[in-house]
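In the UniProt record's numbering, the protein residues as written are 1 to 463.
In what follows, a single structure is set out as C-alpha cells and then discussed.
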C-alpha cells in the first residue's frame, strides 16, 4: 500500500528489536513494524510499540492495522471482508480490554481496561471520510486493484474476495465438526440466513473493538461481548497500546467462533490496509506535524497515573507530598542532597543489571502478560510474588518486565538481588535504595525523607 518504499535505516537503537519497512503514503512518512512471526498478544504489541519509540522519536500517532473476528448482531450486519474501525463511544475510547478488570460483590466482573481516544487528527479524518462515503464510493477497491497490478502473485495468495459461499455465519451454539480446518463437514442448516448483498464493495463499521490475550473461538462468548460491550469485533493486540495514541483498523476474517479458519485472512488484511491508506489520503501531512510526538505524551501520562507503578499500588499511596500546603516546602528541599546508604549496583539502571540476560522474544509470554496486567491494576494487590527454584528464570523475567515498563516511562524504582555479591544478597539496604530512586523520580518525595528522623533513614542498615 506504500506509494513509495524508502531504503532501510543504516542503524537503529541497539535496544530496538523490531524490523521495519519505511515509505510514504499520500505525503505521510510511514514506519511499518510487524509483530514477531507467530507471536500475538497485548504484551507483544506493547513491546513492539515501545521499541518503535526508541528509534523513531518523532512519531505522532499509530495505526494498528490487521485482522479480527467479527461480532455480527441484529443491528450490525458484519460480513467477512468488512472493515471495523475503533471509534470512541460514550463509555470508551473505541477499544476495550475484555479480560482485564475486577470481581466485585455477587461475583460480578467489572472491566477496567480501555484505550484512550484516538488523536483528534485521526478522528476528524474519520469524520470527513464517513461524510465522503455517503456520496462517493470508497477507494478501497481501487487500492486493491492497484495492489494486484503491482504484485500479480498476490491474487494467487488469496488476496481476493473468497466468495459468498465461503462466508457462513453459524448459530452461536453450533460447534465446528473437528475433522479438518474447513467447514465442509458442518451442517449448513445451522447457518443464519442473511440477505445477499448487491456487490462485494467494502462495508466499513465504526465502533467498539474488544481486545484481550485470549483467542475467541466461541460463538456464545462472542455474542455476549457484542451485547455487553457493544463490540463489533475482537482481537489480541490493541489493549497493549493503552497510552499509545492510535486508531485500530481490523479486516474481518472470521466470526470468532469454533468455525474459525484462515481462508479470509489475507483478503481481510488487505482491506484493512487499503482503508488505512484512504484515511491517510484525507489527512494533511502538515496537520500531523501539529501533533506532539508520542514520546512526550506517553511520558506525561505514565508519570501522572503510575508514579508508584513499581509497587502496583499507586492508588494506595497517600503521603503528604500530595498536599498543596506542603508543596512549597517540598520545592525548597528538592535540591538538598539526601545521604542514604544505597547499593547502586542493585538499581535497574546499573550496568550490572543492564548487561544481564532478558527473556528471548516469544518465551515466558504468559507469565509476562500476567505480571504486566498486574502493574496496570490500580485496585489489585500491592505485591506480586514470583516464586520458584533457583535458576528457573525469575530474575530474567523481572528484568524483562522492567525493560518494558522503563520503555513506557513507568518504572520508578527497582532493586535486583544477587546471591554472593556484597550488599545485594540481603535486604539491609533495600528500602534506602528504593527511597533514593523515588526521590529522584518524584522530587516532592524528598520532603518525606527530609522529615524522617536520622535513625529511620538508616533503619536496618547496621549503622
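Where a beta carbon is used, it is the ideal one built from N, C-alpha and C, also for glycine.
If you're wondering where the values come from, they're calculated on a predicted model, not measured in any experiment.
Point to revise | Which listed residue (170, 196, 407) has its alpha carbon closest to that of residue 190 | key: For the purposes of this step, residue 190 is identified with residue 190 of the chain shown, where counting begins at 1. Measuring from the Cα of residue 190, the nearest candidate turns out to be 170.
Practice item. List the whole-angstrom C-beta distance separating residue 219 from residue 257, where the pair is believed to meet the contact cut-off of C-beta under 8 Å. Key: In the chain shown, counting from the first residue as 1, residue 219 sits at position 219. In the chain shown, counting from the first residue as 1, residue 257 sits at position 257. The pair is a contact, with the Cβ atoms about 4 Å apart (cut-off 8 Å).
Exercise for review: Just the C-alpha distance for residue 492 and residue 162, rounded to the nearest angstrom, thanks.
Suggested key: The question about residue 492 has no answer, for the chain in this structure spans 1 to 463.
Check your understanding: Just the Cα atoms here: how many angstroms apart are residue 323 and residue 449?
Key -> Here residue 323 corresponds to residue number 323 of the chain shown, with the count starting at 1. Here residue 449 corresponds to residue number 449 of the chain shown, with the count starting at 1. Annotation note: pLDDT 37 at residue 323 (below 50); position unreliable, no value reported.
Check your understanding: So who's on the other strand from residue 70, going by DSSP bridges?
Key -> As a position in the chain shown, residue 70 is number 70, starting the count at 1. In the DSSP output, where bridge partners are listed per residue, residue 70 has 233.
Exercise for review: Could you tell me which of 128, 194, 60, 99 sits nearest to residue 290, measuring between CA atoms?
Suggested key: Numbered from its first residue, the chain shown carries residue 290 at position 290. Nearest of 128, 194, 60, 99 to residue 290, Cα basis: 60.
Review point. With C-beta atoms as the reference, is residue 52 less than 8 Å away from residue 37?
Key: Residue mapping note: residue 52 aligns to position 52 of the chain shown, counting from 1. Residue mapping note: residue 37 aligns to position 37 of the chain shown, counting from 1. 8 Å or more divides the Cβ of residue 52 from the Cβ of residue 37.
**Study point:** 4 or more residues per run - each alpha helix (DSSP H) lying fully within the stretch 330-408
**Key:** If you keep only unbroken alpha helix (DSSP H) runs of at least 4 residues inside the stretch 330-408, you get 351-354, 365-376, 394-407.
Exercise for review: Identify which residue in 120, 138, 47, 85 has its Cα closest to the Cα of residue 19.
Suggested key: Looking up residue 19 in the chain shown gives position 19. For residue 19, the closest alpha carbon among the candidates 120, 138, 47, 85 is that of 47.
Exercise for review: Reducing DSSP to helix, strand and coil, say where residue 222 ends up.
Suggested key: As a first step, residue 222 is located in the chain shown; it is residue number 222 there, counting from the start. In this structure, residue 222 counts as helix in the three-state DSSP scheme.
Practice item. Identify every residue that forms a DSSP beta bridge with residue 86. Key: Locating residue 86 in the chain shown gives position 86, where the first residue counts as 1. BP columns for residue 86 point to 207.
Exercise for review: For residue 119, count neighbouring C-beta atoms within 10 Å of its own C-beta (all shown protein chains included) and say buried if the count is 16 or more, exposed if not.
Suggested key: As a position in the chain shown, residue 119 is number 119, starting the count at 1. So residue 119 counts as buried.
Review point. What is the DSSP secondary structure of residue 328, counted as helix, strand or coil?
Key: Working through the chain shown from its first residue, we reach residue 328 at position 328. Because residue 328 sits at a pLDDT of 43, beneath the cut-off of 50, its placement in the model cannot be relied upon, and the following sentence gives the value as read from the coordinates. Judged by DSSP in its simplified three-state form, residue 328 adopts helix.
Practice item. Take residue 175 as the anchor and find which of 187, 151, 165 has the nearest alpha-carbon. Key: What you label residue 175 is simply residue 175 of the chain shown in a count that begins at 1. Of the listed residues, the one whose Cα sits closest to residue 175 is 187.
Check your understanding: Which of helix, strand or coil does DSSP assign to residue 5?
Key -> Residue numbering aside, residue 5 sits at position 5 when the chain shown is read from its first letter. DSSP places residue 5 in the strand class (E or B) of the three-state scheme.
Review point. Is DSSP giving residue 18 helix, strand or coil here?
Key: In the chain shown, the residue the question calls residue 18 occupies position 18. In this structure, residue 18 counts as coil in the three-state DSSP scheme.
**Study point:** Residue environment, residue 151, which counts as buried when at least 16 other CB atoms sit within 10 Å
**Key:** On the chain shown, position 151 is the one that residue 151 refers to. Counting other Cβ atoms within 10 Å of its Cβ, residue 151 stays below 16 and is therefore classed as exposed.
Point to revise | Residues sharing a beta bridge with residue 170, DSSP | key: Sequence index remark: in the chain shown, residue 170 carries index 170 (1-based). Paired residue(s): 191.
Practice item. Please confirm if residue 32 has its CB atom under 8 Å from at least one CB of chain D. Key: The structure shown has no chain D; it contains just one protein chain.
**Study point:** Cβ pair count under 8 Å reaching 3, the stretch 381-394 against the stretch 68-83
**Key:** Short answer: they don't touch.
Check your understanding: In this structure, does DSSP put residue 256 in helix, strand or coil?
Key -> What you label residue 256 is simply residue 256 of the chain shown in a count that begins at 1. Coil.
Practice item. Compute the Euclidean distance between the alpha carbons of residue 205 and residue 97, then round it to the nearest angstrom. Key: Here residue 205 corresponds to residue number 205 of the chain shown, with the count starting at 1. Here residue 97 corresponds to residue number 97 of the chain shown, with the count starting at 1. Put simply, the backbone Cα of residue 205 is about 19 Å away from that of residue 97.
Practice item. Could you tell me the boundaries of the beta strand (DSSP E) in which residue 29 lies? Key: If you number the chain shown from 1, residue 29 lands on position 29. Start and end: 28-33.
Review point. Nearest to residue 23 by CA position, among 277, 255, 287, is which residue?
Key: Taking the first residue of the chain shown as position 1, residue 23 is located at position 23. The residue from 277, 255, 287 with its alpha-carbon nearest to that of residue 23 is 277.
Point to revise | Three-state secondary structure assigned by DSSP to residue 426 | key: For the purposes of this step, residue 426 is identified with residue 426 of the chain shown, where counting begins at 1. Assignment of residue 426 by DSSP, reduced to helix, strand and coil, places it in the coil class.
Check your understanding: For residue 40, which beta-bridge partners are listed by DSSP?
Key -> Along the chain shown, read from residue 1 onward, the residue named residue 40 stands at position 40. DSSP output for residue 40 lists no bridge partner at all.
Exercise for review: State buried or exposed for residue 211, treating a residue as buried only when at least 16 other CB atoms are found within 10 Å of its CB.
Suggested key: As a first step, residue 211 is located in the chain shown; it is residue number 211 there, counting from the start. Burial is judged here by how many other beta carbons sit within 10 angstroms of a residue's own beta carbon; residue 211 has at least 16 and is buried.
**Study point:** Spatial distance of residue 437 from residue 374 (CA atoms)
**Key:** As a first step, residue 437 must be located in the chain shown, where it is residue number 437. As a first step, residue 374 must be located in the chain shown, where it is residue number 374. Rounded to the nearest angstrom, the two C-alpha atoms are 21 Å apart.
Review point. Excluding sequence positions up to five away, which residues of its chain have a Cβ less than 8 Å from the Cβ of residue 9?
Key: As a first step, residue 9 is located in the chain shown; it is residue number 9 there, counting from the start. Cβ neighbours of residue 9 within its own chain (closer than 8 Å, five residues either side excluded): 20, 22, 55.
Practice item. Report yes or no: do the stretch 232-244 and the stretch 138-147 share at least 3 C-beta pairs separated by less than 8 Å? Key: In short, these stretches do not touch, since the Cβ pair count stays below three.
Review point. Who are the Cβ neighbours of residue 419 in its own chain at under 7 Å, not counting the five residues just before and after it?
Key: Within the chain shown, residue 419 is the residue found at index 419, counting from 1. Sequence-distant Cβ neighbours of residue 419 in its own chain, meaning closer than 7 Å and more than five residues away, are 425.
Practice item. Spell out the partners DSSP gives residue 127 in its beta bridges. Key: Stepping through the chain shown from its first residue, residue 127 is reached at position 127. When beta bridges are read from the DSSP output, residue 127 appears opposite no residue.
**Study point:** Nonlocal neighbours in the same chain, by C-beta distance under 8 Å from residue 252, ignoring five residues either side
**Key:** One-based indexing of the chain shown puts residue 252 at position 252. For residue 252, where only same-chain residues beyond five positions count, the Cβ hits under 8 Å are 67, 68, 69, 70, 78, 79, 80, 81, 82, 83, 84, 233, 264, 268.
Check your understanding: Hey, quick one: how far does the alpha helix (DSSP H) through residue 267 stretch, first residue to last?
Key -> Position 267 of the chain shown, counted from the first residue, corresponds to residue 267. Counting along the chain, residue 267 sits inside the alpha helix (DSSP H) bounded by residues 265-281.
**Study point:** Whole-number beta carbon distance between residue 57 and residue 224, since they are thought to touch under 8 Å
**Key:** Working through the chain shown from its first residue, we reach residue 224 at position 224. Working through the chain shown from its first residue, we reach residue 57 at position 57. Not quite, the Cβ-Cβ distance comes to about 42 Å (not below 8 Å), so this is no contact.
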